[in-house]
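To start, the structure itself, in C-alpha cells.
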Amino acid sequence: MGSLIEIKDNPAQEGFLWTRVDELVNWGRKNSLWPMPLGLSCCGIELMAMIGPKFDLARFGAEAARFSPRQADLLVVAGTLTWKMAEACRTIYDQMPDPKWVIAMGVCSSSGGMYDSYSVVQGVDSILPVDVYVPGCPPRPDAVIDAILKLQKKIERERPVELLLQGANTDEGIGTRRFDRAPNRGVPTTRSHEFLPPGQVSDR
Amino acid sequence: MSAQTTSTKVFEYNPTALQGDDPLHGELMELNMGPQHPATHGVLRIKVVLDGETMKEIEPVVGYLHRGKEKTCESLGWRKFFPHTDRLDYVQPLMNNCAYAIALEQLGGVPVPERGQIIRVMLMEMSRIAAHLIYLGTTAIDLGAVTMFFFTFKERETIYTFLDAYTGHRMNNTYVRIGGVYADVNEDVGREIEKWCDHFLGAVDEYEKMLTGNRIWYDRNHNIGIVSKELALAWSLTGPNLRGSGFEWDLRKQQPYSSYERFNFEIPVGTTGDCYDRYLVRVEEMRQSTRIIQQAVKLLRDTRGGEFLADDRRYVLPPKGKVHTSMEELIHQFKIVTDMALPKGEAYGAVESSKGELGFYVVSDGTSHPLRCHIRAPGLMNVQAIPVVMRDRLFSDTVSIIGSLDFVMGEVDR
Amino acid sequence: MTSTQERVQAALDGLQASISSARDGMPTITVPADKVREAVQRLKERAGFETNTLVTAVDHYPAEPRYELCWQFLSVSMNDRVRLHARIGGDQPAIASIIDLFPGAAYSERECFDMFGIVFTGHAGLKRLLMPEEYDHFPLRKDFPHHGIEPDRLYREWDRKRRERPSNTAFQQEQQEEGAR
Chain A
1 MGSLIEIKDN
11 PAQEGFLWTR
21 VDELVNWGRK
31 NSLWPMPLGL
41 SCCGIELMAM
51 IGPKFDLARF
61 GAEAARFSPR
71 QADLLVVAGT
81 LTWKMAEACR
91 TIYDQMPDPK
101 WVIAMGVCSS
111 SGGMYDSYSV
121 VQGVDSILPV
131 DVYVPGCPPR
141 PDAVIDAILK
151 LQKKIERERP
161 VELLLQGANT
171 DEGIGTRRFD
181 RAPNRGVPTT
191 RSHEFLPPGQ
201 VSDR
Chain B
205 MSAQTTSTKV
215 FEYNPTALQG
225 DDPLHGELME
235 LNMGPQHPAT
245 HGVLRIKVVL
255 DGETMKEIEP
265 VVGYLHRGKE
275 KTCESLGWRK
285 FFPHTDRLDY
295 VQPLMNNCAY
305 AIALEQLGGV
315 PVPERGQIIR
325 VMLMEMSRIA
335 AHLIYLGTTA
345 IDLGAVTMFF
355 FTFKERETIY
365 TFLDAYTGHR
375 MNNTYVRIGG
385 VYADVNEDVG
395 REIEKWCDHF
405 LGAVDEYEKM
415 LTGNRIWYDR
425 NHNIGIVSKE
435 LALAWSLTGP
445 NLRGSGFEWD
455 LRKQQPYSSY
465 ERFNFEIPVG
475 TTGDCYDRYL
485 VRVEEMRQST
495 RIIQQAVKLL
505 RDTRGGEFLA
515 DDRRYVLPPK
525 GKVHTSMEEL
535 IHQFKIVTDM
545 ALPKGEAYGA
555 VESSKGELGF
565 YVVSDGTSHP
575 LRCHIRAPGL
585 MNVQAIPVVM
595 RDRLFSDTVS
605 IIGSLDFVMG
615 EVDR
Chain C
619 MTSTQERVQA
629 ALDGLQASIS
639 SARDGMPTIT
649 VPADKVREAV
659 QRLKERAGFE
669 TNTLVTAVDH
679 YPAEPRYELC
689 WQFLSVSMND
699 RVRLHARIGG
709 DQPAIASIID
719 LFPGAAYSER
729 ECFDMFGIVF
739 TGHAGLKRLL
749 MPEEYDHFPL
759 RKDFPHHGIE
769 PDRLYREWDR
779 KRRERPSNTA
789 FQQEQQEEGA
799 R
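Residue numbers (our numbering), protein chains in the order written: chain A, 1 to 204; chain B, 205 to 618; chain C, 619 to 799.
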C-alpha cells in the first residue's frame, strides 16, 4: 500500500496495519473511480479510445464505465454541451451519489471552445463544479489519463473525516459535502448586450 | 410509393388514438430513451409509446448537440469554417473536409491537381474504414458482443497512428484545403499504410468470423428494421442504408468526384434491406475501401513529386518559405487570410460519406463571408427514418435498428 | 442546354419557370412562390426526380422579398440533380409543404421552420427540430446575433424550478451555504 500505510514494526502487533481513516478512505476512492462517460461529441470517441485496447484505462482502476449515474462517482463531460443538453447534464450530476468528481474533457466543455454561438454552454463549469479541465480538441487519450492521475492526487488531499465532523449532510455518507463545490459564478453566460447589426461580424 | 410511407402521422404523438388496440396487450406506456443513453450513439433522445412490447409511436428528438454551425459559417467566413467541418461527423473528419472543399472549389472554379485528388481519396477511404469500424464496434457492444469493440478499436488506433503521423493529430485533422491538401504524403507513411492494408483484410475476415455466422448476431439483425427500396428513396436515405435495400447507388460511381473514376472497386448491395444486410454491406465496403487505398498508394508512388495543391493565388495560401522572402506572396497570404472572397453564386458539393450523401450547399454574395452554408447531413435523414423502420417492432429491436441506421449526432444536429 | 434542362423545361411547361445553370452546372429553376407545389409535383411525376436532397432557405435581409427557398432533387434513374428556387416575403413567411410528395423532406422542412420561422402549410407535425420547443428566436435569420439573445434563459428557468423542488434538500443546503458565505 505504499507510503500511505505504515506497518507497525512490532512483533506483538504483527498482522495489524496502522493508518489514518482519511488516508484509507482516500486510497480506496482514488483507485476505484467509476467513470460515467457523458460522451456528447467528438471527445466521446477519444474517451472510447481511452477505454479501448491501446490506452487501457484499466491500468488506473477507472475502467468500470457505468452508464447509470447512480453507479458512478466520476462524471467525464466529453464534448460540447449545449443549453438544450444542459438540463440533462445537470440532472445526471444530481443523480450521482456523493462523493463525486467531474472532469471537463476538451475545450468545449472547459470553456465553450471554438463554439461561441447561440446554443453552446460556455464551459460546463457554468452549470456544475469541475475538478479537472483537460484542454485539446479533442485531447489525446494520454491527456485524459493524465487528468485522471491528477484527480487521484486531488482525492488524496481530501479530508473526509474532517468534513464529517463538521456535520455537513451526515446522512449521505462520509465526507460527502465539499464546500468548495459551488458552480463557477464568474463565467458569463449571456451576451445579449453584444447585439450586432446584420452584416457586421463580431471580432470575438 | 405506398400510402403508409407518405403518412405524416409519424410526428403526431397521440396515445389516445391507440386505445382500441389488441386487448391482449397491456396499457400503453410512454418510454423515454436518451439523451444520455449508451445505445443511442450520442445525444439522441427517442420517445416511444409501447403497447406491451410493441412500439406504436416513435418520436426521435434531436438537437441536443446543435452548435449552430451554419450560423458560425456565416460569421467566420469561408476559410475559417474548415476546422468546424471536422466536428460534423467526428468519426470521419477528413471526409467532411473534402465535401466542403469540393463545394468551395465548384463555387470558385479551382481545379485540384492529380496528386491532391489521390491523397484526398486515400484519406477519405481511411476515414470511411474508421467510421465503419465505429459502427461495427458500437453496434456490436450494444448487442452484447463486447469483444468486437476491442477488435475494431485496435484497427482504428492504427488508422489514427497513420493520420497522426501524416496530419499531426489523431482526429479532427483539418487537412484539406481549397485546391488540394495541406501537405504531401511522406513515402514511409505510404509504405506503412500498404502493409497495414494487407493486415486489415485479414482483420475484416476475423470480424466476419466473429459475427456473420454468429447465431445471436444473426437473430438480432436478420429481418429486423426492413427498409424497402421505395421507402428508402422516398425518405431520402442514401449510402449503405440505401444500398442495403438493394439499390445500387454510390456517388463515387454515379457522379465521380476527386478522380474516383480511376479506381477499381465494387459497390456491395443487399437484398432485403434489413439490419443484417446493412451490416454485410458495410463490412464489404471496408474491403473495397482497402482496395482503393492500395491503388491510391500505388498511384502516389507513380506521381511522386507532383503538385498536391493548386497554384491559385486567389484561394490558396502561398508556401511559407516564399512568404518570408517575397513581398507579393506576403500580400497574397494576408489577403487570403483576412478577406478571401468567393465569386457570387451558389454551388452544391457532395461526397459519398460513410453515412450517405454528405453535401454542402453554399451561397456566396461575392464577399468573404458566406450568405448561406447549408449542410445536407445524411445522418438527419437516417434519424428521420427511425419511426418508419421501428413502428410495430419489438422494443428490443431498437438497439439493432439505431445501430444499423448509423448516424453521428454531431452531423445530425450540426 | 443540357438534356436535364430540356427535360425539366418540358415538365414545367406553363408554370412561369425560368431555368438557368448555377456555378456548379446544376439546372436551377425559379418559380413563383404559389407555383412551388405544382412544380415539385411535376418534377416528380413528369421529370422523374425520385428523391428530395435538401430543403433550405437563404435570408436576403434587408432586401425584399426576404427569403429565398431552395429545394434540391435527385433522380437516381437519370443520374442528375435539379434545384428549385422561390422567393417569399419576410412578413409571416409561408410556403406550401411537399411532404406528401416527398416524405423525406419532413425533417428538412422542420429544420427550416426552426431556423428561419418559415411556415410550411400542410405539414402536420411542424415544430422545432434542433432548438428547444420553447425557444423564442429563429437563429439563422440575419438579424439574429451569432452569440444569441439570452441563450441560457430556458436553462435558468429550469434551474430555478429544480432548486425549488422540495425533495431537493441538497440544493437547499447548497443555497444556504452560499447564503452563509
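Even for Gly, the Cβ is constructed at its ideal location relative to N, Cα and C.
Values in this document were obtained by computation on a predicted structure and should not be read as measured data.
For W421 (chain B), count neighbouring C-beta atoms within 10 Å of its own C-beta (all shown protein chains included) and say buried if the count is 16 or more, exposed if not. For the purposes of this step, residue 421 (chain B) is taken as the residue at position 217 of the second sequence. Around the beta carbon of W421 (chain B), a 10 Å sphere encloses 16 or more other beta carbons of the protein chains shown; the residue is thus reported as buried.
Since F467 (chain B) and G384 (chain B) should fall inside the 8 Å C-beta cutoff, what is the C-beta to C-beta distance between them, to a whole number of angstroms? Sequence index remark: in the second sequence, residue 467 (chain B) carries index 263 (1-based). Sequence index remark: in the second sequence, residue 384 (chain B) carries index 180 (1-based). Between F467 (chain B) and G384 (chain B) the beta-carbon gap is near 18 Å, outside 8 Å, which marks them as no contact.
Are the Cβ atoms of I306 (chain B) and G614 (chain B) separated by less than 9 Å? For the purposes of this step, residue 306 (chain B) is taken as residue 102 along the second sequence, with counting starting at 1. For the purposes of this step, residue 614 (chain B) is taken as residue 410 along the second sequence, with counting starting at 1. The criterion of a C-beta distance shorter than 9 Å is not satisfied by I306 (chain B) and G614 (chain B).
Please report the Cβ distance between D601 (chain B) and G406 (chain B), rounded to the nearest whole angstrom; I am assuming they are in contact, meaning their Cβ atoms lie under 8 Å. Stepping through the second sequence from its first residue, residue 601 (chain B) is reached at position 397. Stepping through the second sequence from its first residue, residue 406 (chain B) is reached at position 202. Between D601 (chain B) and G406 (chain B) a beta carbon distance of about 32 Å is seen, past the 8 Å cut, so the two are scored as non-contacting.
List, in chain order, every chain B residue whose beta-carbon is nearer than 8 Å to that of A147 (chain A). The residue labelled residue 147 (chain A) in the question sits at position 147 within the first sequence. Within 8 Å Cβ-Cβ: nothing; A147 (chain A) doesn't reach chain B, min ~17 Å.
What does a CB cutoff of less than 7 Å around K745 (chain C) pick up in its chain, not counting 5 residues either side in sequence? Looking up residue 745 (chain C) in the third sequence gives position 127. Cβ within range, chain order: R728, E751.
Any idea which residues DSSP pairs R705 (chain C) with across the strands? Numbered from its first residue, the third sequence carries residue 705 (chain C) at position 87. DSSP, once it has assigned bridges, lists C:E686 as partnering R705 (chain C).
W101 (chain A), enclosing beta strand (DSSP E) - first and last residue: Position 101 of the first sequence holds residue 101 (chain A). W101 (chain A): member of the beta strand (DSSP E) spanning 101-105, first to last residue.
If we count Cβ pairs, one from each stretch, closer than 8 Å, do we get three or more for the region 326-340 of chain B versus the region 362-374 of chain B? Two segments are said to touch when three or more pairs of C-beta atoms, one from each, lie closer than 8 Å; by this definition the region 326-340 of chain B touches the region 362-374 of chain B.
What residues from the region 625-658 of chain C come within 7 Å of chain B, judged by C-beta to C-beta, listed N to C? Along the region 625-658 of chain C, going in chain order, the ones with a CB nearer than 7 Å to a CB of chain B are A640, R641, D642, M644.
Considering only the beta carbon of each residue, do L562 (chain B) and D569 (chain B) sit closer than 9 Å? Within the second sequence, residue 562 (chain B) is the residue found at index 358, counting from 1. Within the second sequence, residue 569 (chain B) is the residue found at index 365, counting from 1. A distance of 9 Å or more separates the beta carbons of L562 (chain B) and D569 (chain B).
Hey, out of C:G643, C:A675, C:V658, whose CA is closest to A629 (chain C)'s CA? Counted from its first residue, the third sequence places residue 629 (chain C) at position 11. Distance check between A629 (chain C) and each of C:G643, C:A675, C:V658 places C:V658 closest, using alpha-carbon atoms only.
How many angstroms separate the CA atom of E686 (chain C) from the CA atom of L446 (chain B)? In the third sequence, the residue the question calls residue 686 (chain C) occupies position 68. In the second sequence, the residue the question calls residue 446 (chain B) occupies position 242. Cα to Cα, the separation comes out at about 30 Å.
Kindly say whether A72 (chain A), judged by its beta-carbon, lies nearer than 9 Å to any beta-carbon of chain C. Stepping through the first sequence from its first residue, residue 72 (chain A) is reached at position 72. It does not; no Cβ of chain C falls within 9 Å.
Within 9 Å (strictly less), CB to CB, does R618 (chain B) reach chain C? Here the question's residue 618 (chain B) lines up with position 414 in the second sequence. Answer yes: the Cβ-Cβ gap between R618 (chain B) and chain C drops below 9 Å somewhere.
How is G643 (chain C) classed by DSSP in three states: helix, strand or coil? The count along the third sequence starts at 1 and reaches residue 643 (chain C) at position 25. The answer is coil: DSSP assigns G643 (chain C) none of H, G, I, E or B.
So F354 (chain B) packs on G52 (chain A), CB below 8 Å; how close in whole Å? The residue given as residue 354 (chain B) occupies position 150 in the second sequence. The residue given as residue 52 (chain A) occupies position 52 in the first sequence. The C-beta separation of F354 (chain B) from G52 (chain A) comes to about 6 Å, placing the pair in contact by the 8 Å criterion.
Residue span of the alpha helix (DSSP H) that contains V325 (chain B), given as start and end: In the second sequence, the residue the question calls residue 325 (chain B) occupies position 121. In the DSSP assignment, V325 (chain B) falls within the unbroken alpha helix (DSSP H) covering 318-346.
Kindly indicate which three-state DSSP category W400 (chain B) falls into: helix, strand or coil? The count along the second sequence starts at 1 and reaches residue 400 (chain B) at position 196. Assignment of W400 (chain B) by DSSP, reduced to helix, strand and coil, places it in the helix class.
Short of 6 Å in beta carbon distance, which residues of its chain neighbour A635 (chain C), apart from the five on each side in sequence? Order them along the chain. Counting from 1 along the third sequence, the entry for residue 635 (chain C) is found at position 17. I647, V649, listed in sequence order.
Taking Cβ-Cβ distances below 8 Å as the criterion, which residues of the region 348-378 of chain B are in contact with chain D? Annotation note: the requested chain D is absent from the structure, which comprises protein chains A, B and C.
For F731 (chain C) and chain B, any beta-carbon pair shorter than 9 Å? Along the third sequence, one-based indexing puts residue 731 (chain C) at 113. No, F731 (chain C) does not count as interfacial toward chain B.
From which residue to which residue does the alpha helix (DSSP H) around F354 (chain B) run? Counted from its first residue, the second sequence places residue 354 (chain B) at position 150. Counting along the chain, F354 (chain B) sits inside the alpha helix (DSSP H) bounded by residues 350-371.
With a Cβ-Cβ cutoff of 9 Å, do V593 (chain B) and P264 (chain B) count as a contact? As a position in the second sequence, residue 593 (chain B) is number 389, starting the count at 1. As a position in the second sequence, residue 264 (chain B) is number 60, starting the count at 1. No, these two residues do not count as a Cβ contact at 9 Å.
For M233 (chain B) versus D255 (chain B), is the C-beta distance shorter than 9 Å? As a working note, residue 233 (chain B) is residue 29 in the second sequence. As a working note, residue 255 (chain B) is residue 51 in the second sequence. Taking 9 Å as the Cβ cut-off, M233 (chain B) and D255 (chain B) qualify as a contacting pair.
In three-state DSSP terms, what is A387 (chain B)? Position 183 of the second sequence, counting from 1, holds the residue named residue 387 (chain B). In the structure shown, A387 (chain B) sits in coil (DSSP, three-state: anything other than H, G, I, E or B).
Is R746 (chain C) close to chain B? Criterion is C-beta to C-beta, closer than 9 Å. Counting from 1 along the third sequence, the entry for residue 746 (chain C) is found at position 128. It does; some Cβ of chain B falls within 9 Å.
So, for F404 (chain B): in the same chain, excluding its five sequence neighbours on each side, which residues have a beta-carbon less than 7 Å away from its beta-carbon? As a first step, residue 404 (chain B) must be located in the second sequence, where it is residue number 200. Taking F404 (chain B) as the centre and dropping the five residues before and after it, the same chain places the C-beta of E359, T494 closer than 7 Å to its C-beta, in chain order.
Beta-carbon within less than 6 Å of F55 (chain A)'s beta-carbon, same chain only, minus the 5 sequence neighbours each way: which residues are those? The count along the first sequence starts at 1 and reaches residue 55 (chain A) at position 55. So the qualifying residues of the chain are P141.
What are the partner residues of D186 (chain B), as DSSP defines its beta bridges? Past the boundaries of the shown model lies residue 186 (chain B); chain B is included only from 205 to 618, so the question cannot be answered.
Suppose the cutoff is 6 Å on Cβ atoms and the five residues either side in sequence are ignored; what does the same chain contact list for E329 (chain B) look like? Position 125 of the second sequence, counted from the start, is the residue given in the question as residue 329 (chain B). Within the same chain, E329 (chain B) has close Cβ partners S493, I496, I497.
For chain B, find out if any of its Cβ atoms is closer than 9 Å to the Cβ of G39 (chain A); answer yes or no. For this step, residue 39 (chain A) is matched to residue 39 along the first sequence. Under the Cβ criterion of 9 Å, G39 (chain A) is counted among the residues facing chain B.
Give the residues of chain C in contact with M585 (chain B), contact being defined as C-beta atoms less than 8 Å apart. Here residue 585 (chain B) corresponds to residue number 381 of the second sequence, with the count starting at 1. The answer, in chain order, is G722, Y725.
Exposed or buried, which one is M375 (chain B) when buried takes at least 16 other CB atoms within 10 Å? Within the second sequence, residue 375 (chain B) is the residue found at index 171, counting from 1. The residue in question, M375 (chain B), is buried, as its Cβ has 16 or more Cβ neighbours within 10 Å.
Does the region 511-525 of chain B come into contact with the region 427-441 of chain B, if we say contact requires no fewer than three beta-carbon pairs (one atom in each stretch) closer than 8 Å? Counting Cβ pairs under 8 Å, fewer than three are found: no touch.
Alpha carbon to alpha carbon, what distance is there between K150 (chain A) and T342 (chain B)? Indexing the second sequence from 1 puts residue 342 (chain B) at position 138. Indexing the first sequence from 1 puts residue 150 (chain A) at position 150. Cα to Cα, T342 (chain B) sits roughly 29 Å from K150 (chain A).
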